[in-house]
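What follows is a set of notes on a single structure, which appears directly below.
Chains as they are written, first to last, in my numbering: chain A, 12 to 243; chain B, 158 to 411.
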């Protein structure tokens, strides 16, 4: 079974996706871009990864008790994404919105591959998720995200550090190695899935300007409409 | 290592060979699955084999979510299919594979085929269902208990006093009439089981008969898995039952 990209959606809306490692700055940029698009009068819908209610308690419980294997981890996140896709992404896409996603199925592709799942299998189970109109990949060295992480004193969580894989007993060491695997996988996908690579070591302003310039040609043909709300 | 599964590598497959036997019993509700599994278990244990039995939706990982989702009836088909797959994966990795690695016989009261058929009649494509369950361990034997819908109907009414909402596929809105929905739903399912029978190698057993007669067929199918010499059927067999290893006619036309 070959690894194949999902087909295009064909809906009137546009799907704009932000991907990258934790600490790459993509959420900040997605929020800024959303603000700008709204100010221009576009109908914008903003959505984040992992915000569905359905299985989040199970995922939390499973993670806490260490019950999850790479396969169940992958499938539960797929359940979560499928539910969110159906409720939050698909309706605005069909209704003609600019849907801005802070992470999309690619997050699952890289995480699951880093945990040893068969990449072609992961692609298949996410085949309901169409190919976005644009994927911005915030590329950054792992050392930079680690510095940002340590500086912000955010707690490093067990799964984010890939501790379930037994790469190292040391949290920081495990984090570095696991995030390195994720980056490797993102880099691999960036060619395969035609990502726009964003050098995320630059200033916030420089990156935002690049994103806006990149989207201009797509937006000239896109209708503006009533100002709209966002996903809570 | 994909030879023990349906094509998808499982990240945590143990190094050692899965020496135990995996025997799957499939069939609709009321086809006598549970009765046959119990008889088979008893017989295998008497013969000296360690037996672990397993069914669908018995893991504690997501069964609450499945129950909740069923009450709400609100999930899209793909979401539901993935939720069932997560539940199955949990049992496969935490129960079935360890038991097989330890040399036990695992008796599965339904397996991925029921999950696939249910997902497909609710809108998933055959390809999607097949790939979704690509990580499942290939059974050593799959027996399909084939019973006429009328028999299923009577057994179901005998058991529940009525027809079960889900076993009648009422969520599919095939008909507002429970009775009619039951027949339409069973028809849809058997169409899916028919192509799987060929692709996955089911052994059909005529389940319109008494439990003991069906059990005798089971013994004849199961004995060779352990080397026919060590396990001899108690009752002298009167030739191969005509129903065994034969895919019914409707399978061929599908």
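Built from N, CA and C at the ideal position, the CB exists for glycine as well. Remember, predicted model here, so these are calculated numbers, not experimental data.
Item                                                                                                                                   : Value
Neighbourhood of residue 113 (chain A) by C-beta distance below 6 Å, restricted to the same chain and skipping five residues each side : 29, 38, 41, 59
Host beta strand (DSSP E) of residue 265 (chain B) (start-end)                                                                         : 262 to 266
Residue-level contact to chain A via CB, residue 288 (chain B), 8 Å cutoff                                                             : yes
Whole-angstrom distance between residue 186 (chain B) and residue 124 (chain A), CA atom to CA atom                                    : 38 Å
Burial state of residue 200 (chain B), where buried means 16 or more other Cβ atoms lie within 10 Å                                    : buried
Presumed contact (8 Å Cβ cut-off) between residue 182 (chain B) and residue 263 (chain B), rounded CB distance                         : Rounded, the Cβ-Cβ distance is 11 Å, inconsistent with contact.
Buried/exposed call for residue 249 (chain B), threshold 16 Cβ in 10 Å                                                                 : buried
CB-CB length for residue 139 (chain A) against residue 206 (chain A), believed under 8 Å                                               : In fact, because the Cβ distance is near 21 Å, the residues do not count as touching under 8 Å.
Sub-8 Å separation of residue 166 (chain B) and residue 175 (chain B) beta-carbons                                                     : no
Three-way DSSP call (helix, strand, coil) for residue 82 (chain A) in this model                                                       : helix
Which of helix, strand or coil DSSP assigns to residue 205 (chain A)                                                                   : coil
CB contact check: residue 339 (chain B) to chain A, cutoff 8 Å                                                                         : no
Listed by chain order, chain B residues near residue 14 (chain A) by CB distance under 7 Å                                             : Here the premise fails: no neighbours, minimum Cβ distance about 12 Å.
Backbone secondary structure at residue 157 (chain A) - three-state DSSP                                                               : helix
Supposed close pair residue 210 (chain A), residue 150 (chain A) - CB separation, criterion 8 Å                                        : 6 Å
Which of helix, strand or coil DSSP assigns to residue 45 (chain A)                                                                    : helix
Own chain partners of residue 212 (chain A) with C-beta closer than 8 Å, once the 5 adjacent residues on each side are dropped         : 151, 152, 155
Residue environment, residue 314 (chain B), which counts as buried when at least 16 other CB atoms sit within 10 Å                     : exposed
Where the alpha helix (DSSP H) through residue 269 (chain B) begins and ends                                                           : 269 to 278
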